[in-house]
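Novice:
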Ligand code: 13P
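Residue numbers (the working numbering): 31 to 279.
What follows is the structure, given as structure tokens:
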């Protein structure tokens, strides 16, 4: 039985003035013991958020594949761990788009995170033009082939399917499209890491997830949680998603 995971991705949002939101989200998470909740905040908020988060896991949104070195402006897994992060996102489509990151980069970053004991949310997802061209499935499968860590295991790795065109747009795939892609991902995982591990691995949906559609999406087969952007920025918007996950758990 896979527990639902609701993870917030604050992206480049949040100053210390928003720490009360972290506290309120942590309190709501504590009140929903059937669901796992995590918050991936900007690097600058990891330490202060971890201090007010109680048991709520605080994560990063990216990291460099090396532990240290001449990489101006980058951050490494040991640095994240020292600040109090317990997980990180890798391969987010905004990193792929804005920073030209590849699936191989995501593979290297996931390995670096795991070396230092961080949990990893590994993202995949197609562009709108790729879906329109009927290539969505192949693109997502290829991303997983190139980015899935060699020692992928549900104890530390979670997948997230985030179609690029659904992120921050208010558009979502149909329930059938989501269920179909998640089934394809599950089948791909089974082929790559075997049934037992594949069946234990959580596959989150991300893209315009909000209180209104959360419970419906989270109830779909093979949807084991949500990776939430805009609606995770305030407790007011994020708590209904946590409650929606709890209602289908
Ligand atoms: P939105 O929920 O704002 O569409 O963002 C989704 C996302 O990219 C989470 O990583």
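C-beta atoms are modelled at their ideal positions from N, C-alpha and C, and glycine is treated no differently.
Owing to the predicted nature of the structure, the values given are computational and were not obtained by experimental measurement.
Are the beta-carbon atoms of residue 214 and residue 253 separated by less than 8 Å?
Specialist: As a working note, residue 214 is residue 184 in the chain shown. As a working note, residue 253 is residue 223 in the chain shown. Not in contact: residue 214 and residue 253 (Cβ atoms no closer than 8 Å).
Novice: Quick one: does the C-beta of residue 192 sit closer than 7 Å to a heavy atom of the ligand 13P?
Specialist: In the chain shown, residue 192 corresponds to position 162, counting from 1. Residue 192 Cβ: within cutoff of the ligand 13P.
Novice: How far does the alpha helix (DSSP H) with residue 206 in it reach, from first residue to last?
Specialist: Here the question's residue 206 lines up with position 176 in the chain shown. Its alpha helix (DSSP H) spans residues 205-223.
Novice: Between the beta-carbon of residue 92 and the beta-carbon of residue 119, is there less than 8 Å?
Specialist: Your numbering for residue 92 matches position 62 in the chain shown. Your numbering for residue 119 matches position 89 in the chain shown. The answer is yes: Cβ separation under 8 Å.
Novice: Cβ atoms of residue 202 and residue 282: under 8 Å apart, would you say?
Specialist: The structure shown does not extend to residue 282, since the chain spans only 31 to 279, so no value can be given for it.
Novice: For residue 197, verify whether its CB is less than 7 Å away from any heavy atom of the ligand 13P.
Specialist: Taking the first residue of the chain shown as position 1, residue 197 is located at position 167. For the ligand 13P, at least one heavy atom lies less than 7 Å from the Cβ of residue 197.
Novice: Here's the rule: buried if 16 or more other CB atoms are within 10 angstroms of the residue's CB, otherwise exposed. What is residue 168?
Specialist: Residue numbering aside, residue 168 sits at position 138 when the chain shown is read from its first letter. It counts as exposed.
Novice: For residue 33, I'd like the list of residues in its chain whose CB is within less than 6 Å of its CB, leaving aside the five on either flank, ordered along the chain.
Specialist: Locating residue 33 in the chain shown gives position 3, counting from the first residue. Once the five neighbours on either side are set aside, the close Cβ partners of residue 33 are 66.
Novice: In terms of DSSP beta bridges, what is residue 69 paired with?
Specialist: In the chain shown, counting from the first residue as 1, residue 69 sits at position 39. The partner list for residue 69 (beta bridge, DSSP) reads 38 and 88.
Novice: Would you mind stating whether residue 205 and residue 244 have Cβ atoms separated by less than 8 Å?
Specialist: Position 175 of the chain shown holds residue 205. Position 214 of the chain shown holds residue 244. It is not a contact, given that the beta carbons lie outside the stated cut-off.
Novice: What's the call for residue 129, buried or exposed, on a 16-neighbour Cβ count within 10 Å?
Specialist: Taking the chain shown and counting its residues from 1, one reaches residue 129 at position 99. The residue is exposed, with fewer than 16 neighbouring Cβ atoms inside 10 Å.
Novice: Of all the CB atoms in chain B, is at least one closer than 8 Å to the CB of residue 184?
Specialist: You won't find chain B in this structure, because it holds only one protein chain.
Novice: Write down the C-beta distance between residue 116 and residue 89 rounded to the nearest angstrom, noting that I regard them as a contact closer than 8 Å.
Specialist: Here residue 116 refers to the residue found at position 86 of the chain shown. Here residue 89 refers to the residue found at position 59 of the chain shown. 7 Å between Cβ atoms; contact.
Novice: Which residues does DSSP list as the beta-bridge partners of residue 151?
Specialist: As a position in the chain shown, residue 151 is number 121, starting the count at 1. Beta-bridge pairing links residue 151 to 119 and 188.
Novice: Based on Cα-Cα distance, which residue from 37, 45 and 212 lies nearest to residue 56?
Specialist: On the chain shown, position 26 is the one that residue 56 refers to. The option with the nearest alpha carbon to residue 56 is 37.
Novice: Are the CB atoms of residue 275 and residue 255 within a distance shorter than 8 Å?
Specialist: Here residue 255 refers to the residue found at position 225 of the chain shown. Here residue 275 refers to the residue found at position 245 of the chain shown. A contact, by the Cβ cut-off of 8 Å.
Novice: Using 8 Å as the cut-off, can you tell me whether the stretch 106-116 makes contact with the stretch 176-187, which would need three or more C-beta pairs spanning the two stretches below that distance?
Specialist: Output reads no: the stretch 176-187 does not touch the stretch 106-116.
Novice: Considering only C-alpha positions, which residue in the set 150, 127 and 219 is nearest to residue 158?
Specialist: Along the chain shown, read from residue 1 onward, the residue named residue 158 stands at position 128. Checked all of 150, 127 and 219; the closest Cα to residue 158 is 127.
Novice: Does the beta carbon of residue 246 fall short of 7 Å from some heavy atom of the ligand 13P?
Specialist: For the purposes of this step, residue 246 is taken as residue 216 along the chain shown, with counting starting at 1. Incorrect: residue 246 has no Cβ contact closer than 7 Å to the ligand 13P.
Novice: Just the Cα atoms here: how many angstroms apart are residue 102 and residue 124?
Specialist: Along the chain shown, one-based indexing puts residue 102 at 72. Along the chain shown, one-based indexing puts residue 124 at 94. So the two alpha carbons sit approximately 20 Å from each other.
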